[in-house]
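Just below is one structure, and these are the notes that go with it.
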């Protein structure tokens, strides 16, 4: 019988997709420049934020900017841990104006914001779990930023090499099921082939009971999910992963964000967690 899972209330920052579009290509998902259905994108995003609120989580919004179509992907703006904000420095020039827009929101909300010297894309590549920060590199965030993150938070940073351009951010290849704060062991779900052999060995050593996803589920953005310790908001297209989550005692909450897949994003990409 799977263990009983206990949710923990979270605080999330989001940005409505008022100006969301695919106007350039900075990852393989965007290379087709697919036309975005604006009404569908808004409906899907509203369903996501409604689901968070229905589960008892606090949702706050930053004002979107017309010239920033990717600003909806709030996860990339920072890592917030223990009430400290490590901001972003984007790899792509098209996204760099987002840095100040999000930093301004955090400052108004009462946070000091550290601006990194190296390329760093927030929770896209920085994943706190079990007293560590898993840190992706290979396509966006640099190893120099990993060192900055460790010095800033004083938390051990575990570097992980991403090798498949379809999984250009860590949060497309891995998500936290349980962060270890509620008495359950810290655990993750991930797609093995997204990582270099050495990085994969690290994950297997750290998380021997992890949920391992198929390529089909990973390509369906099943690993761009958000867990509160019990409920897992997950892409319904990741059918096998949904079944695995239920078998492990989690409660899948399917939320279709397929319109955002056109830009290489999904549930987690649209969700910044504020860990105060």
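In our numbering, the protein residues as written are 129 to 404.
Even glycine gets a Cβ: it sits at the ideal position worked out from N, Cα and C.
C-alpha gap between residue i and residue j, whole angstroms
i	j	result
residue 228	residue 212	17 Å
residue 268	residue 241	20 Å
residue 346	residue 322	9 Å
residue 194	residue 225	11 Å
residue 284	residue 334	13 Å
residue 379	residue 164	30 Å
residue 150	residue 162	7 Å
residue 147	residue 332	40 Å
residue 410	residue 135	Here the chain comprises residues numbered 129 to 404, so residue 410 is not present and cannot be evaluated.
residue 291	residue 216	22 Å
residue 366	residue 318	13 Å
residue 166	residue 154	20 Å
residue 264	residue 277	12 Å
residue 183	residue 244	34 Å
Beta-ladder partner(s) of residue i, from DSSP
i	result
residue 264	288
residue 316	304
residue 206	215
residue 183	None; residue 183 has no bridge partner.
residue 127	Within the shown structure, residues of the chain are numbered from 129 to 404, placing residue 127 beyond reach of any answer.
residue 323	290
residue 256	261
Residue i - DSSP class collapsed to helix/strand/coil
i	result
residue 369	helix
residue 398	helix
residue 351	coil
residue 333	helix
residue 190	coil
residue 344	helix
residue 328	helix
residue 134	coil
residue 141	strand
residue 379	strand
residue 389	helix
Own chain residues within Cβ distance below 6 Å of residue i, not counting five before or after
i	result
residue 198	223
residue 219	247, 268
residue 324	289, 291
residue 169	145, 148, 387
Presumed contact (8 Å Cβ cut-off) between residue i and residue j, rounded CB distance
i	j	result
residue 339	residue 362	With a Cβ gap of about 11 Å, residue 339 and residue 362 do not count as contacting.
residue 391	residue 157	6 Å
residue 209	residue 281	6 Å
residue 132	residue 377	7 Å
residue 402	residue 181	At roughly 15 Å, the Cβ-Cβ gap does not stay under 8 Å, so residue 402 and residue 181 are not in contact.
Sequence-distant residues of the same chain with beta carbon closer than 7 Å to residue i, five excluded per side
i	result
residue 201	393, 397, 398
residue 316	257, 302, 303, 304, 305, 335, 338
Cut-off 8 Å between Cβ atoms - residues of its own chain near residue i, not counting five sequence neighbours on either side
i	result
residue 364	370, 382, 383, 384
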